[in-house]
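These notes are about the structure you will find just below.
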Amino acid sequence: MGEPTGYEHLTETRKEWSARARCGKLSLAESKEMFEQKQGRPLRQPPWRDFCNGCPVKQNCFAYAVVHEEDGIWGGQTKRQRNKISPLVRTQMTEQAIRSGWLEYSVEIVLAPAVDFEFDFPDLLFA
């Protein structure tokens, strides 16, 4: 096993840790007021900063957003802030997510349009 990365404690799935998240107790209106990013110049002290700093699952939330490339505020940081994370740290977080089973795969199914074509199979294929 490799060197410790500092993410070994992140072992819960989103469903497990989100039950303890402070934001999960907000109403929809409160959540919108707290986390909606306004156009224009960013606030020096946005409302979510202190709110998220007091959350018991801030690190889980942050790591989840990094690994799953979420938009919006997660773990007290914007997507722009999270995008500044080094590729090495991002890789370490993703590896921890895989090891611990909290990496969620999204599957996109792309259906190709039906194409009419004729193909004569050689007799060898059916011998």
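Take any residue in the sequence shown, note its place counting from 1, add 4, and you have its number in this note's numbering. Idealized CB from N, CA, C, for every residue including glycine.
LYS62 is a Cβ neighbour of GLY79, given a cutoff of 9 Å. Your pair GLN96 and TYR11 checks out as a contact, with CB atoms roughly 6 Å apart and the cut at 8 Å. Listed as beta-bridge partners of GLN81 by DSSP are TRP78. Buried is the label assigned to TYR68, since at least 16 other Cβ atoms lie within 10 Å of its Cβ. In this structure TRP52 touches MET38 by the C-beta definition: roughly 6 Å separates them, less than 8 Å.
For the pair ILE102 and ASN57, the Cα-to-Cα distance works out to about 26 Å.
The beta carbon of THR98 sits closer than 6 Å to the beta carbons of VAL71 from its chain, once the five residues preceding and following it are set aside; these are given in chain order. Distance from the CA atom of SER35 to the CA atom of ASP54, rounded to whole angstroms, is 14 Å. Counted as a single uninterrupted DSSP element, the stretch harbouring HIS13 is not any alpha helix (DSSP H), since DSSP gives it neither H nor E. Measuring C-alpha to C-alpha distances from ALA25 to each of GLU73, PRO60, HIS13 and LYS42 identifies PRO60 as the nearest.
By a beta-carbon distance limit of 8 Å, GLU108 does not contact ASN64. Their separation comes to about 13 Å.
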